[in-house]
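Colleague:
Number of protein chains: 2
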Amino acid sequence: MLTIGDLSRRTGVKVPTIRYYEQMGLIEPAERSEGNQRRYSRQERERLSFIKHARDLGLTIDSIRELLDLSVHPEQPCAQADRIAAEQLKAVRAKIEKLKRLESELDRIVAHCHGDQVKDCYVIRALANHDLCDNEH
Amino acid sequence: MLTIGDLSRRTGVKVPTIRYYEQMGLIEPAERSEGNQRRYSRQERERLSFIKHARDLGLTIDSIRELLDLSVHPEQPCAQADRIAAEQLKAVRAKIEKLKRLESELDRIVAHCHGDQVKDCYVIRALANHDLCDNEH
DNA sequence: CCATATCTATATAGTCGCTGGAGATATAGT
DNA sequence: ACTATATCTCCAGCGACTATATAGATATGG
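Chains as they are written, first to last, in the working numbering: chain A, 39 to 175; chain B, 39 to 175.
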């Protein structure tokens with residue numbers, strides 16, 4: 039059995055975050071030692087690793103809860119799990135597109151600035167005047 | 039003079055957000071009508087547009103406050119404004135890189151899934167088992 | 001000139017996913 | 001037995017809003 043600190047080190051999830059996940063119902067309330075400290079088994083470590091992995095991929099707590107619910111019904115069709123992952127992929131792609139537009143505008147703003155004083159500064163002027171932008175954002 | 043609703047429509051910043059910006063000290067407390075309603079001039083509309091533009095570019099409230107402070111000192115060197123924009127650019131690029139890694143992994147996960155049942159589902163299995171990942175994330 | 005419709009005011013709480021602190025208790029090592 | 005470290009619970013805070021409730025102001029049509 040692992041203490042919460044051990045579990046934290048093995049999964050890379052911080053101790054208060056583990057307790058937070060318990061509170062949010064992502065993991066079951068843990069067994070307790072005589073002195074009321076949480077103790078975890080290998081199964082619980084795996085579940086937490088699953089959660090960590092999904093969070094690293096940007097899935098919301100709600101999506102993860104859904105996936106966890108699905109994973110305990112192995113005979114059901116997996117279309118829903120598919121859908122969750124596909125939607126997340128779509129969201130990630132949309133974010134990338136948006137960030138790329140920001141990148142190109144910021145890049146242009148930074149590259150243009152060669153004034154020495156604020157009154158000539160392209161950064162400031164570009165922000166004050168949307169017309170200097172190339173694209174929508 | 040514009041009401042807060044007019045200002046909102048002209049800048050695309052929602053009414054409660056304008057009030058929030060006032061509270062945060064990004065914009066000066068507005069003049070008031072006899073009935074205690076906020077009234078805005080053209081100058082204040084421009085300042086809010088500046089803020090909107092900067093927020094759209096992902097700058098934090100704190101960075102925007104710095105830029106606004108700079109913009110009222112036109113004789114000072116603009117190196118700091120430059121630095122703020124350059125740092126934001128760096129942050130945006132880092133986010134793009136991270137999201138691209140997520141994209142490729144999610145894409146791989148989704149593409150692999152052709153099981154019909156949860157027990158064979160690659161989405162679920164991939165999340166449970168980090169070894170199925172190609173790269174770090 | 002009044003009824004009504006829309007807008008605005010303030011204050012407060014909620015969102016998401018944690019993170020950190022205070023003060024008390026448990027456990028491990030010597 | 002003593003000490004150092006880990007853990008416990010509870011609660012507050014982050015950022016940037018967003019929503020809700022209740023009350024008062026203003027604009028419009030008849």
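In this text, a Cβ means the ideal position worked out from N, Cα and C, and glycines have one as well.
Let's see if you can read the secondary structure: which residues bound the beta strand (DSSP E) around TYR78(A)?
Modeller: Working through the first sequence from its first residue, we reach residue 78(A) at position 40. Residues 76 to 78.
Colleague: Cα separation between VAL53(B) and ILE162(A)?
Modeller: Here residue 53(B) is taken as the residue at index 15 of the second sequence, counted from 1. Here residue 162(A) is taken as the residue at index 124 of the first sequence, counted from 1. Using only the alpha carbons, I get a separation of about 25 Å.
Colleague: What residues from the segment 91 to 115 of chain B come within 7 Å of chain A, judged by C-beta to C-beta, listed N to C?
Modeller: The segment 91 to 115 of chain B vs chain A, Cβ under 7 Å: HIS91, ALA92, ASP94, LEU95, GLY96, LEU105, LEU108, SER109, HIS111, PRO112, GLU113, GLN114 and PRO115.
Colleague: Would you mind telling me which residues of chain B sit closer than 7 Å to GLN81(A), beta carbon to beta carbon, in chain order?
Modeller: Within the first sequence, the letter at position 43 stands for residue 81(A). What GLN81(A) touches in chain B: nothing, since even the nearest Cβ is about 11 Å away.
Colleague: Short of 7 Å Cβ to Cβ, which residues in the segment 120 to 140 of chain A face chain B?
Modeller: Result list: ASP120, ALA123, ALA124, GLN126, LEU127, VAL130, ARG131, LYS133, ILE134, LEU137, LYS138 and LEU140.
Colleague: For a test of the three-state rule: what should DSSP assign to PRO67(A), helix, strand or coil?
Modeller: Position 29 of the first sequence, counted from the first residue, corresponds to residue 67(A). Reduced to three states, the DSSP call for PRO67(A) is coil.
Colleague: Any contact between the segment 116 to 133 of chain A and the segment 74 to 84 of chain B? By contact I mean 3 or more CB pairs, one from each, below 8 Å.
Modeller: Touching, no, given that fewer than three Cβ pairs across the two stretches are closer than 8 Å.
Colleague: By how many angstroms is the C-alpha of SER87(B) removed from the C-alpha of LEU127(B)?
Modeller: Position 89 of the second sequence holds residue 127(B). Position 49 of the second sequence holds residue 87(B). Roughly 20 Å between the two C-alpha positions.
Colleague: Suppose the cutoff is 8 Å on Cβ atoms and the five residues either side in sequence are ignored; what does the same chain contact list for VAL51(A) look like?
Modeller: Here residue 51(A) refers to the residue found at position 13 when the first sequence is read from its first residue. So the list reads LEU45, TYR59, LEU86, ILE89 and LYS90, once near-sequence residues are dropped.
Colleague: Taking the alpha carbon of LEU95(A) as the reference point, which residue from LEU137(B), ARG93(B) and ALA149(B) has its own alpha carbon closest?
Modeller: As a working mapping, residue 95(A) is identified with position 57 in the first sequence. Comparing Cα positions, the closest option is LEU137(B).
Colleague: Kindly identify the DSSP beta-bridge partner or partners of LEU97(B).
Modeller: Within the second sequence, the letter at position 59 stands for residue 97(B). DSSP lists no partner for LEU97(B).
Colleague: On the DSSP bridge list, what partners appear for GLN118(B)?
Modeller: In the second sequence, counting from the first residue as 1, residue 118(B) sits at position 80. Answer is none; GLN118(B) lacks a bridge partner.
Colleague: Give the interface partners of ASP44(B) over in chain A, defined as CB-CB distance under 7 Å, in chain order.
Modeller: Locating residue 44(B) in the second sequence gives position 6, where the first residue counts as 1. Those within 7 Å of ASP44(B) in chain A number zero; the least Cβ separation is about 18 Å.
Colleague: Which residues in the same chain as ILE99(A) place their Cβ atom closer than 7 Å to its Cβ, once the five residues preceding and following it in sequence are excluded?
Modeller: Within the first sequence, the letter at position 61 stands for residue 99(A). Here the set comprises MET62 and LEU64.
Colleague: Roughly how many angstroms separate the alpha carbons of LEU106(B) and ARG121(B), rounded to a whole number?
Modeller: Position 68 of the second sequence, counted from the start, is the residue given in the question as residue 106(B). Position 83 of the second sequence, counted from the start, is the residue given in the question as residue 121(B). Each residue's Cα considered, the two are about 14 Å apart.
Colleague: 8 Å is my cut-off, CB to CB: does LYS157(B) come that close to chain A?
Modeller: Reading the second sequence from its first residue, position 119 is the one you call residue 157(B). Yes, because at least one Cβ of chain A sits closer than 8 Å to the Cβ of LYS157(B).
Colleague: Are the beta-carbon atoms belonging to LYS157(B) and GLU113(A) less than 8 Å from one another?
Modeller: Locating residue 157(B) in the second sequence gives position 119, where the first residue counts as 1. Locating residue 113(A) in the first sequence gives position 75, where the first residue counts as 1. Result yes, Cβ atoms of LYS157(B) and GLU113(A) sit closer than 8 Å.
Colleague: Spatial neighbours of MET39(A) within its chain, please: CB distance less than 7 Å, with the 5 preceding and 5 following residues excluded, ordered by chain position.
Modeller: Position 1 of the first sequence holds residue 39(A). If we look at MET39(A) and ignore the five residues flanking it on each side, its Cβ neighbours are ARG77, TYR78 and SER79.
Colleague: Going along chain B in order, which residues have a C-beta closer than 8 Å to the C-beta of VAL161(A)?
Modeller: Here residue 161(A) corresponds to residue number 123 of the first sequence, with the count starting at 1. Residues of chain B passing the Cβ test: LEU105, CYS116, ALA119, ASP120, ILE122 and ALA123.
Colleague: Could you give the residue range of the alpha helix (DSSP H) that holds ASP44(A)?
Modeller: Taking the first residue of the first sequence as 1, we reach residue 44(A) at position 6. Here the alpha helix (DSSP H) through ASP44(A) covers 42 to 49.
Colleague: Roughly how many whole angstroms lie between the Cα atoms of ALA124(B) and ILE134(A)?
Modeller: Along the second sequence, read from residue 1 onward, the residue named residue 124(B) stands at position 86. Along the first sequence, read from residue 1 onward, the residue named residue 134(A) stands at position 96. Going by the C-alpha atoms only, they are around 19 Å apart.
Colleague: When you compare only the Cα positions, how much space is there between ILE42(B) and SER101(B)?
Modeller: As a position in the second sequence, residue 42(B) is number 4, starting the count at 1. As a position in the second sequence, residue 101(B) is number 63, starting the count at 1. Roughly 24 Å between the two C-alpha positions.
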